[in-house]
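Inspection log for the structure reproduced underneath, given as structure tokens.
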Amino acid sequence: MSQRIIIDVLGWIGSVLVVAAYALNISGRLHPNSHFYLWANLAGSICLIVNTLFHDAIPSAVVNIVWVGIAIWGMVRRGKENSILK
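In structure tokens:
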């Protein structure tokens, strides 16, 4: 399998993860602090970063880098909230 195909598959996987997490959140089926929501956004954005950098789509890569930062921030915040409750 060629490198381009792998990169494009990663882009599609990333897109599906981010859009699915958002749609499930908006529909009320997924809480924004849930493990799945945070991990789907993190993994999806990482896949999209790889894809957008490969295709020299720098603005899209930057948006996804910010998205990764937000997902990590949410995970850290969630971890702190859980440790306070224990």
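Per our numbering: the sequence shown = residues 2 to 87.
Backbone N, C-alpha and C define an ideal beta-carbon position, used for all residues, glycine too.
Best match in the options for proximity to residue i [C-alpha to C-alpha]
i	options	result
Ser143	Tyr23, Val77, Met2	Because the chain is modelled from 2 through 87, residue 143 falls outside the range shown and cannot be assessed.
Ile66	Leu39, Gly29, Leu43, Ile6	Leu43
Ser61	Gly12, Asn34, Leu25	Gly12
Unbroken alpha helix (DSSP H) run spanning residue i, endpoints
i	result
Leu43	36-55
Ala24	4-27
C-alpha distance - residue i paired with residue j, whole-angstrom precision
i	j	result
Ile50	Gln4	15 Å
Ile71	Met2	33 Å
Ala58	His36	29 Å
Ala21	Cys48	14 Å
Val63	Val17	19 Å
Val10	Asn83	35 Å
Residue i and residue j closer than 9 Å at C-beta
i	j	result
Trp68	Val19	yes
Met76	Leu31	no
Phe55	Ile6	no
Presumed contact (8 Å Cβ cut-off) between residue i and residue j, rounded CB distance
i	j	result
Arg79	Asn34	5 Å
Asn52	Gly15	6 Å
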